[in-house]
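Residue numbers (our numbering), protein chains in the order written: chain A, 675 to 839; chain B, 13 to 203. Ideal placement from N, C-alpha and C gives every residue a C-beta, glycine not left out. Since we're looking at a predicted model, the values are computed, not measured.
Set out below in structure tokens:
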């Protein structure tokens, strides 16, 4: 093992080189460097390496960074693309609220709450179990079937349409 | 704008704050209104990520793919401090997919950096002894990858660790070890 690694711990070296050392480490290393030319030379050489890496990486960045206008054009293209996409699906709570808004006028408040209670029992009481959204159609199918039993096929169909919108 | 009597900060630091604000606003409420400022912050870095790795011809498309992923999934990132690490993880995965599509070996990543950096250095200060590509050619592939993320892509240790899926301690050690190796290389060249 080199002396400079015996004299100063690796984490201290890393912190010193990165300029991230706290005052206690800085002070201890400074005291040591004052009397150890080997470590002093090592630190100077490592700092020179870091400086070369920083300078040469800067050249790479300068040569490869697109200009502001380039980024503006890319943004326009991205926004065009995003506007073409369908809006993100509503949350499960929002979807269920939309379904209940359809059920209530047809089945009455009592009927709607019986459908809701039955649906919640089906999923163990928590709407979070319907997430991910892939499980929503399965859940909606159950709500729709319950609605058919309580309020007829037309209501069930309306529930299905409202839930899938 | 700074309030009267407020400390003066460097332009670079102000840019950092603007970047952070754009990021926070998007993550708090991802929408087509909050996305453009973040896009303009991220695009140069993401585009450059692909350009320096030899995808100049396709870097527009590749950067677009990554930034659309940011729009769709950025808000899912749990630890906001590692957001840049996550973006570079997405970029890296897209880059590896691109290499597979083009049937290029993964080592191409670093050859390409060399070509790009050497080309850039041709028009640069002739007193500059070593280009970035020539420097990192002296260390192992993982160290090359880490040094590029650290110095060219400007990620911190934690972000690099997240992007590569390795411990931050390993990243710190690899950077330090690489500097030691480069020190030996440069010292030898001098003597």
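| task | Reducing DSSP to helix, strand and coil, say where residue 779/A ends up. | result | Position 105 of the first chain, counting from 1, holds the residue named residue 779/A. DSSP places residue 779/A in helix when its eight states are reduced to three.
_Any C-beta of chain B under 7 angstroms from that of residue 730/A_ = Counting from one through the first chain, the residue named residue 730/A turns up at place 56. It does: the Cβ of residue 730/A has a partner Cβ on chain B nearer than 7 angstroms.
Given the structure, does residue 171/B come close to the ligand HEM, in the sense that its CB is under 6 angstroms from one of the ligand's heavy atoms? Inclusion of the ligand HEM in the displayed structure is not the case, the ligand content being empty and no account of it being possible.
Check your understanding: List, in order along the chain, the chain A residues whose C-beta lies closer than 8 angstroms to that of residue 60/B?
Key -> Translated into positions along the second chain, residue 60/B becomes position 48. Within 8 angstroms Cβ-Cβ: 735, 738, 739, 740.
Q: May I ask you to report which of helix, strand or coil DSSP gives residue 681/A?
A: The residue you call residue 681/A lines up with position 7 of the first chain. Taken through DSSP and simplified to helix, strand or coil, residue 681/A comes out as helix.
One question on the structure: do residue 58/B and residue 75/B come within less than 7 angstroms of each other, judged by their Cβ atoms? Taking the second chain and counting its residues from 1, one reaches residue 58/B at position 46. Taking the second chain and counting its residues from 1, one reaches residue 75/B at position 63. Yes, Cβ-Cβ distance for residue 58/B and residue 75/B is below 7 angstroms.
TODO: Return yes when the Cβ of residue 195/B is within less than 7 angstroms of the Cβ of residue 734/A, no when it is not.
DONE: On the first chain, position 60 is the one that residue 734/A refers to. On the second chain, position 183 is the one that residue 195/B refers to. The answer is no: Cβ separation not under 7 angstroms.
| task | Mind reading off the beta-carbon distance from residue 143/B to residue 765/A? Whole number of angstroms is fine, and I expect it under 8 angstroms. | result | For the purposes of this step, residue 143/B is taken as the residue at position 131 of the second chain. For the purposes of this step, residue 765/A is taken as the residue at position 91 of the first chain. About 52 angstroms separates the Cβ atoms of residue 143/B and residue 765/A, ruling out a contact at the 8 angstroms cut-off.
- Best match in 66/B, 96/B, 146/B for proximity to residue 114/B [C-alpha to C-alpha]: By one-based count along the second chain, residue 114/B stands at place 102. Cα-wise, what sits closest to residue 114/B is 66/B.
| query | Rounded to whole angstroms, how far is the Cβ of residue 116/B from the Cβ of residue 78/B, which I believe are closer than 8 angstroms? | reply | Start at 1 with the first residue of the second chain, and residue 116/B comes out as number 104. Start at 1 with the first residue of the second chain, and residue 78/B comes out as number 66. Actually they are not in contact, since the Cβ atoms of residue 116/B and residue 78/B sit about 19 angstroms apart, beyond 8 angstroms.
Would residue 163/B pass as an interface residue toward chain C - the criterion being a Cβ-Cβ separation below 7 angstroms? Included in the structure are the protein chains A and B, with no chain C among them.
Of the residues that make up the region 687 to 719 of chain A, which ones have a beta carbon closer than 9 angstroms to any beta carbon in chain B? Of all residues in the region 687 to 719 of chain A, 687, 688, 691, 692, 716, 719 have a Cβ within less than 9 angstroms of some Cβ in chain B.
Next on the checklist: Please tell me whether residue 133/B has its Cβ less than 7 angstroms away from any Cβ of chain A.
Outcome noted: For this step, residue 133/B is matched to residue 121 along the second chain. Note that residue 133/B scores a pLDDT of 48, beneath 50, so its modelled location is shaky and nothing firm can be said.
* Asked: Which whole-angstrom value describes the C-beta separation of residue 161/B and residue 148/B, a residue pair presumed to lie in contact below a C-beta threshold of 8 angstroms?
  -> Counting from 1 along the second chain, the entry for residue 161/B is found at position 149. Counting from 1 along the second chain, the entry for residue 148/B is found at position 136. With a Cβ gap of about 11 angstroms, residue 161/B and residue 148/B do not count as contacting.
| message | Once the 5 residues before and after residue 150/B are set aside, which same chain residues still bring their CB inside 7 angstroms of it? | response | Along the second chain, read from residue 1 onward, the residue named residue 150/B stands at position 138. Excluding positions up to five away in sequence, the list reads 193, 194, 197.
### Message
Which of the three DSSP states is assigned to residue 730/A in this structure?
### Response
Here residue 730/A corresponds to residue number 56 of the first chain, with the count starting at 1. Residue 730/A falls in the helix class under three-state DSSP.
(message) Applying the 10 Å Cβ sphere with the 16-neighbour rule, what's the burial state of residue 20/B?
(response) Along the second chain, one-based indexing puts residue 20/B at 8. Unreliable positioning characterises residue 20/B in this predicted model, as indicated by a pLDDT of 38, which lies under 50. The coordinate reading is nonetheless provided below. With fewer than 16 neighbouring CB atoms inside 10 Å of its own CB, residue 20/B falls in the exposed class.
ask   = If you draw a straight line from the alpha carbon of residue 823/A to that of residue 839/A, how long is it in whole angstroms?
value = If you number the first chain from 1, residue 823/A lands on position 149. If you number the first chain from 1, residue 839/A lands on position 165. Distance between the alpha carbons of residue 823/A and residue 839/A: 22 angstroms.
Check your understanding: Taking 7 angstroms as the CB-CB cut-off, is residue 43/B touching chain A?
Key -> Taking the first residue of the second chain as position 1, residue 43/B is located at position 31. No - not a single Cβ of chain A is within 7 angstroms of the one on residue 43/B.
Quick check on DSSP: helix, strand or coil for residue 44/B? Counting from 1 along the second chain, the entry for residue 44/B is found at position 32. Coil.
Q. Under 7 angstroms Cβ-Cβ, which residues of chain B neighbour residue 745/A?
A. The residue you call residue 745/A lines up with position 71 of the first chain. Going along chain B in sequence order, the residues near residue 745/A (Cβ under 7 angstroms) are 52, 55, 56.
Touching by the beta-carbon criterion (3+ pairs, under 8 angstroms), the region 166 to 174 of chain B and the region 98 to 105 of chain B
These segments touch.
Below-7 angstroms beta-carbon distance, residue 830/A vs any chain B residue: Start at 1 with the first residue of the first chain, and residue 830/A comes out as number 156. No - not a single Cβ of chain B is within 7 angstroms of the one on residue 830/A.
**Study point:** Within-7 angstroms CB hit, residue 107/B to chain A
**Key:** Taking the second chain and counting its residues from 1, one reaches residue 107/B at position 95. It does not; no Cβ of chain A falls within 7 angstroms.
Q | Closest residue to residue 750/A among 156/B, 32/B, 47/B, 85/B (Cα-Cα distance) | A | In the first chain, the residue the question calls residue 750/A occupies position 76. Comparing Cα-Cα distances from residue 750/A to each of 156/B, 32/B, 47/B, 85/B, the minimum goes to 47/B.
**Asked** So with Cβ pairs under 7 angstroms, would you call residue 727/A a contact of chain B?
**Response** Position 53 of the first chain, counting from 1, holds the residue named residue 727/A. Interface flag for residue 727/A against chain B is set, since a Cβ pair is found closer than 7 angstroms.
Interface partners of residue 110/B on chain A, CB under 7 angstroms: To locate residue 110/B, count along the second chain from 1; it is residue 98. Neighbours of residue 110/B on chain A: none; closest Cβ ~16 angstroms, over 7 angstroms.
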